[in-house]
């Protein structure tokens, strides 16, 4: 394990660092504490950390470290790195302020609990990264405020973006996620909380997501993991925007393009749906479920998109709307797999995951115009 503390400046990584092969990392492979005006990057795009997580899995070692953890970074940039096969989460940022993350290629096991990027912080920008795993591509954690997440390639990943999971004293506000590709993952976008929680999720915009056959579409759930107790309160949701979501889900009759379920104690208010165009690849109809969500829909996916309006002076009351859509959205066609799509089985779980093959999508330093968006 390497720990850097109180460091300011730049730290280039231009070769491969291999994790310990005895499966005995400590809590984190690389820990950086309190960096200020700090840049961690690869000049040639070949800088990589190979966590050799398959060794932990083969040993059935349940004590699994994160690959990189950066604690309390201020004015920090992390970019042009390849992170491979972490024993647990790949890169975690705690209490970041003014953070930019870009041009990361993350290749994890085809299993849950191998998150790509997890962030707690204020004023952060995550863009132009590719993640292959079976868990979160990018996960926004509490507390987070003022974040832009854009131009992601979630290539056989769990979800395009997730918020949570959240419970007590949640604080998530002013999050804008846009221009995100999801290839055969679990969810297009995910917001998850437990019952009995407190705090808020507000001013969330999910815009211009494009999917190819994930299991679920937009999935927001205040009863995460089918937990219904304690029924004493909930995180309050408000000002949620779902705009320009297109593509497909695998089987919309089994798992819906729209699963929007709020808590019947706090409800979700001022939700907006615009231009929702997601169709099933298997079968001819989808079955959506909307519960306790209040706001406005544009009728692009059924009447009011399944959402109840809330008039001036009205108080929300519990409701559930399960409804089918059989008509294709106007102009809809099933998206094809892009040339850069990973195999549907992702990467292996008990063998080494390759570092440099296939080549990273990003060129080093400043390649902002190549977003690999709309190519499928």
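In this note's numbering, the protein residues as written are 265 to 640.
We put the CB at the ideal spot given by N, CA and C, even for glycine.
- Distance between residue 619 and residue 488, taken at the CA atoms: about 34 Å.
- Contact annotation, residue 459 with residue 506: C-beta distance approximately 23 Å; criterion of less than 8 Å not satisfied.
- In chain order, 353, 399, 400, 403 place their CB closer than 6 Å to the CB of residue 379, counting only its own chain and leaving out the 5 sequence neighbours on each side.
- Taking the CA atoms as reference points, residue 313 sits about 41 Å from residue 552.
- With respect to residue 294, residue 332 sits close: the two C-beta atoms are nearer than 8 Å.
- When secondary structure is reduced to three states using DSSP, residue 389 falls in the strand class.
- Counted as a single uninterrupted DSSP element, the beta strand (DSSP E) harbouring residue 409 occupies residues 402-419.
- Taking a C-beta distance under 8 Å as the contact criterion, residue 369 and residue 624 qualify as a contact pair.
- When DSSP reads this structure, residue 537 sits in a beta bridge with 506, 561.
- Shown here, residue 442 sits in a strand according to DSSP, grouped into three states.
- Between the beta-carbon of residue 554 and that of residue 575 there is about 18 Å, and that puts the pair past the 8 Å contact cut.
- A direct Cα-to-Cα measurement between residue 621 and residue 538 gives close to 39 Å.
- Nearest neighbour of residue 573 by Cα position, chosen from 391, 429, 533, 335, turns out to be 533.
- With a contact defined as Cβ atoms closer than 8 Å, residue 411 and residue 388 qualify at about 5 Å.
- About 7 Å separates the beta carbons of residue 358 and residue 336, which is inside the 8 Å limit, making them a contact pair.
- A residue is called buried when at least 16 other Cβ atoms come within 10 angstroms of its Cβ; residue 524 meets this threshold and is buried.
- With 16 or more neighbouring CB atoms inside 10 Å of its own CB, residue 455 falls in the buried class.
- Per the coordinates, the alpha-carbon of residue 484 lies some 24 Å from the alpha-carbon of residue 591.
- No Cβ-Cβ contact shorter than 8 Å links residue 426 with residue 407.
- Using a Cβ distance threshold of 8 Å, residue 413 and residue 382 do not count as a contacting pair.
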